[in-house]
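Each residue of the sequence shown is one higher than the one before, counting from 3 in this note's numbering.
Even glycine gets a Cβ: it sits at the ideal position worked out from N, Cα and C.
Model, not experiment: these values are computed from the prediction.
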Amino acid sequence: MKKLQFKVNINAPHEKVFDIMLGISNKSTYEQWTVMFNPTSTYEGTWEKGSKMLFIGIDEKGEKGGMVSEVFENLPNRFISVRHYGLIKAEEEIMEGPEVEKWANGFENYTFEEKDGITTVTIDLDSNEDFLEYMNKTFPKALEKLKEICEK
């Protein structure tokens, strides 16, 4: 796996950015910025430390797919860490095999730092080689969408 990093500066308090990015008050705000990854992107679960999360969307075949993950750490309004440990294909959770091994124990870490009313969101994530180009192309677009939503 390769480590990637993305950053965005948002003219909004870190509490607001954290809430909107994770869809805590309203899940639709999460869905609005993650639409850049998949038009049906959503999650099932809670953001509590240790909880299971499913990051899902409908694929081109009309089937539910995505990642099975754990909220590894949650420091409200400051840091969230998600560890991926499985896949969802055709609505079935897959916990082992070559496809899972490409992502197993990959992390997505989100850091929120505010200075003078500007929140810098830093995303550090592990990506398998097959998705590097996609992530490098799509994540900046998704973060621009997040910025737009937060600055409304």
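Thinking residue i and residue j are a contact (beta carbons under 8 Å), I'd like their distance in whole angstroms, please.
| i | j | result |
| --- | --- | --- |
| P2 | F8 | This structure leaves residue 2 out entirely; the chain is present only between 3 and 154. |
| I120 | W35 | Going by Cβ atoms, the distance from I120 to W35 rounds to 18 Å, so no, they are not a contact pair. |
My output table needs one value for residue i: the three-state DSSP class, helix, strand or coil.
| i | result |
| --- | --- |
| E17 | helix |
| I151 | helix |
| F141 | helix |
| S27 | coil |
| D128 | strand |
Do the CB positions of residue i and residue j come within less than 8 Å of each other?
| i | j | result |
| --- | --- | --- |
| N130 | K104 | yes |
| F109 | R80 | no |
| E50 | N76 | yes |
| I60 | T42 | yes |
| T112 | I82 | Note that residue 112 is Tyr in the sequence shown here, rather than Thr. In this structure, I82 lies closer than 8 Å to Y112 by Cβ. |
| E153 | N28 | no |
| V19 | V123 | yes |
| A106 | Y136 | no |
Apart from the five residues just before and just after residue i, which ones in its own chain have a Cβ nearer than 7 Å to its Cβ?
| i | result |
| --- | --- |
| E116 | P15, H16 |
| L134 | K4 |
| D126 | K5, Q7, N111 |
Between residue i and the rest of its own chain, which residues show a CB-CB distance below 8 Å, the 5 nearest in sequence each way excluded?
| i | result |
| --- | --- |
| I90 | L56, I58, K66, G67, G68, M69, V70, I96 |
| F39 | G59, T140, A144 |
| E33 | G25, S43, T44 |
| K147 | Q34, W35, V37, M38 |
| D132 | K104 |
Leaving out five residues before and five after residue i in sequence, what residues of the same chain have Cβ atoms less than 6 Å from its Cβ?
| i | result |
| --- | --- |
| K63 | none |
| S204 | Any question about residue 204 goes unanswered here, given that the chain covers just 3 to 154. |
| A92 | E65 |
For a cutoff of 8 Å on Cβ pairs, would you count residue i as touching chain C?
| i | result |
| --- | --- |
| A14 | Included in the structure is just one protein chain, with no chain C present. |
Q. At which residue ranges does the stretch 91-126 contain complete beta strand (DSSP E) runs of 3 or more residues, listed in the order of the chain?
A. As far as the stretch 91-126 is concerned, its whole beta strand (DSSP E) runs of at least 3 residues are 94-96, 108-117.
Q. Which runs of the alpha helix (DSSP H) spanning at least 4 residues fall entirely within the stretch 38-95, listed in chain order?
A. none
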